[in-house]
Amino acid sequence: METVEETIDVGVPVSTAYNQWTQFESFPNFMSGVESVTQLTNTTNHWITKIGGVEREFDTEIVEQHPDQRIAWRSLDGKSHAGAVTFERLGADSTKVAVRFEWDPETFTEKAGAKLGIDSLQVKSDLKKFKEFVENRGAETGAWRGNVDDTAAGSAGQAAANMDEDLPPGRPV
Numbered sequence: 001m002e003t004v005e006e007t008i009d010v011g012v013p014v015s016t017a018y019n020q021w022t023q024f025e026s027f028p029n030f031m032s033g034v035e036s037v038t039q040l041t042n043t044t045n046h047w048i049t050k051i052g053g054v055e056r057e058f059d060t061e062i063v064e065q066h067p068d069q070r071i072a073w074r075s076l077d078g079k080s081h082a083g084a085v086t087f088e089r090l091g092a093d094s095t096k097v098a099v100r101f102e103w104d105p106e107t108f109t110e111k112a113g114a115k116l117g118i119d120s121l122q123v124k125s126d127l128k129k130f131k132e133f134v135e136n137r138g139a140e141t142g143a144w145r146g147n148v149d150d151t152a153a154g155s156a157g158q159a160a161a162n163m164d165e166d167l168p169p170g171r172p173v
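If you're matching positions, the sequence shown starts at 1 in full-length UniProt numbering and goes up one per residue.
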């Protein structure tokens with residue numbers, strides 16, 4: 001299992017940084033290798049990535065989401081991929097964004113990239129692009145402020161969405 005951890009300070013309020021990160025379909029604007037992200041439900045997304053010539057499709061589930069604090073996810077379809085992004089208010093217009101994810105590289109290219117630290121460099125580059133994207137816009141492209149907690153009771157792997165607000169336009173139900 002490989003682990004990548006990177007942080008960046010962005011010059012926007014914590015709510016702006018967090019709100020932008022909840023707009024998963026905008027990820028191709030600042031994440032290299034992400035072809036598309038399609039929001040399926042409040043807690044599931046379908047990803048298409050193309051990295052090192054390898055195209056992958058997979059689904060992820062949001063297992064924890066707390067406005068202005070943290071979003072955590074895991075893959076649903078057998079790929080070992082899980083992670084979290086946290087948001088720390090540094091000042092009125094400054095936020096630390098920290099990303100940590102773990103995954104199992106499968107192909108030779110993926111394994112070599114992980115061993116050479118290319119994954120960390122890519123995440124660092126993507127965070128810089130996120131910083132530019134959100135700072136240059138001055139505002140998020142949308143927001144979802146619901147809470148999600150992984151439920152130990154009930155069906156394993158189910159996530160319960162505790163909606164604090166109505167869904168914004170364009171957010172799937």
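For glycine and all other residues, C-beta sits at the position ideal for the given N, C-alpha and C. This structure is a prediction, so every number in the text was calculated from the model and none was measured.
| query | result |
| --- | --- |
| Which residues DSSP lists as bridging residue 4, in chain order | 101 |
| Simplified DSSP assignment, three categories, for residue 120 | helix |
| Cβ neighbours of residue 153 in the same chain (closer than 6 Å, five flanking residues each side left out) | Bear in mind that a pLDDT of 32 at residue 153, under 50, signals an unreliable position, so the number given afterwards is only what the model happens to contain. Within the same chain, residue 153 has no close Cβ partners at all. |
| Nearest-angstrom beta carbon gap, residue 7 and residue 98 [assumed within contact, 8 Å] | 4 Å |
| Three-state secondary structure (DSSP) of residue 45 | strand |
| Classification of residue 3 by the beta-carbon crowding that lies within 10 angstroms, buried from 16 upward | exposed |
| Rounded Cβ spacing between residue 63 and residue 123 (contact assumed at less than 8 Å) | Not confirmed; about 20 Å, so no contact. |
| Local conformation of residue 83 per DSSP, three classes | strand |
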